[in-house]
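Accompanying notes for the structure given below.
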Amino acid sequence: MKAATVHAALRDLPLAPLSAIAPGTVMVLAPHPDDESLGCGGLIAACCAAGMPPVVVIMTDGAASHPNSRQWPAHRLRAKRQQEARNAVSCLGLTPDRLVFLGLPDAAAPHDGPVFADMATRLARLATARDCTTLLAPWRADPHCDHEAAWKMGMAVQRLCGATLLAYPVWGWLLPDDMDLDHAPPRGLRLDITAHRPAKARAIGMHESQYGGLITDDPDGFHLPDRLLDALVTDYEVFVQS
Numbered sequence: 001m002k003a004a005t006v007h008a009a010l011r012d013l014p015l016a017p018l019s020a021i022a023p024g025t026v027m028v029l030a031p032h033p034d035d036e037s038l039g040c041g042g043l044i045a046a047c048c049a050a051g052m053p054p055v056v057v058i059m060t061d062g063a064a065s066h067p068n069s070r071q072w073p074a075h076r077l078r079a080k081r082q083q084e085a086r087n088a089v090s091c092l093g094l095t096p097d098r099l100v101f102l103g104l105p106d107a108a109a110p111h112d113g114p115v116f117a118d119m120a121t122r123l124a125r126l127a128t129a130r131d132c133t134t135l136l137a138p139w140r141a142d143p144h145c146d147h148e149a150a151w152k153m154g155m156a157v158q159r160l161c162g163a164t165l166l167a168y169p170v171w172g173w174l175l176p177d178d179m180d181l182d183h184a185p186p187r188g189l190r191l192d193i194t195a196h197r198p199a200k201a202r203a204i205g206m207h208e209s210q211y212g213g214l215i216t217d218d219p220d221g222f223h224l225p226d227r228l229l230d231a232l233v234t235d236y237e238v239f240v241q242s
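Following this line, the structure appears as structure tokens:
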């Protein structure tokens, strides 16, 4: 199936209320600081507004986005990105005690092995302790190694705690239209986030290190492309059934 066909199917998924998409408490698995806001900032805000604040887990430290910066070495950038995540979720109504940093290495999150298994067990225990009934992880078609690792982590945690697993696309929206995907027609739901779109946009803006205006001494460093923001800052968010 071509990526353009999958994208069209995602945009055409039926709208549903929050209670139908994610009843109870949600655990969001975000590969990097900013994915929580990009992929499901509207849902986080909706959950908070409904009195059901989610648990947001940031898997990697985000310190590899500007590897050649002298002004922002890894230890400084790591602390900056954690603070950006705190500021971002605050825009969405989430308190810092609902935010968890795993501190895995950016661009090297494990896909299997002992560290992966230990993290999955830890997250399953956390999900059970916080009564999480829904897990959100990146879409398996997202073309990034850490996103793939987070999806695999979601599947492992689901097996351990039994919560429902849903996926949210981030970089998958930018797959070339003519790319062939080993993907059945997606099933899932869309959440109307019109009321929370301004908060989502503010939250994404809190990740200022990823925009290119803050870190200026690494011209090859990462920056959020406008095409991605155009795809994600809309009136709805997509949640794909696993």
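Read in order, the letters of the sequence shown are residues 1 to 242 in UniProt numbering. For glycine and all other residues, C-beta sits at the position ideal for the given N, C-alpha and C.
Is the beta carbon of residue i less than 7 Å from the beta carbon of residue j?
i           : j    : result
A109        : T60  : yes
A85         : A74  : no
F116        : G188 : no
L136        : V28  : yes
A120        : A156 : yes
V6          : L181 : yes
residue 266 : H183 : Any property of residue 266 remains undetermined from this structure, which presents the chain solely from 1 to 242.
Residue i bridges to which residues according to DSSP?
i           : result
K200        : None, per the DSSP bridge assignment.
H188        : Note on residue identity: the sequence assigns Gly, not His, to residue 188. BP columns for G188 point to V240.
Y168        : P138
T60         : L104
residue 271 : Absent from the structure is residue 271, since the part of the chain shown begins at 1 and ends at 242.
V55         : M27
Residue i to residue j, Cα distance in whole Å?
i           : j    : result
L175        : L13  : 19 Å
L232        : L160 : 31 Å
D217        : N68  : 8 Å
P198        : T128 : 32 Å
W171        : A4   : 14 Å
A195        : L43  : 11 Å
A203        : A88  : 4 Å
P23         : R70  : 46 Å
H223        : R11  : 25 Å
Q241        : L166 : 5 Å
A45         : L94  : 8 Å
L92         : D178 : 36 Å
E148        : P96  : 26 Å
residue 244 : H66  : The first residue shown for the chain is 1 and the last is 242, placing residue 244 beyond what the model contains.
A50         : V100 : 21 Å
A141        : Y168 : 10 Å
L123        : R130 : 10 Å
H207        : V26  : 22 Å
R31         : I215 : The residue asked about is misnamed: residue 31 is Pro in this sequence, not Arg. If you take the alpha carbons of P31 and I215, they lie about 21 Å apart.
L104        : P17  : 34 Å
Helix, strand or coil for residue i per DSSP?
i    : result
T128 : helix
F101 : strand
M27  : strand
D180 : strand
T5   : helix
P89  : Checking the sequence shown, residue 89 turns out to be Val, not Pro. DSSP places V89 in helix when its eight states are reduced to three.
T121 : helix
Rank the options by C-alpha distance to the C-alpha of residue i and give the top, closest one.
i    : options                   : result
P33  : D146, P185, R197 and D180 : D146
D235 : A79, G24 and G41          : G41
P186 : R76, A9 and L15           : A9
L15  : I193, D118, G213 and S209 : I193
I58  : P225, M52, W72 and R78    : R78
Does the ligand SAM have a heavy atom nearer than 6 Å to the CB of residue i?
i    : result
W139 : Although the ligand SAM was asked about, the structure shown includes no ligands whatsoever.
Strictly under 7 Å for the Cβ-Cβ distance: is residue i near chain B by that measure?
i   : result
P14 : The structure shown contains no chain B; it holds only a single protein chain.
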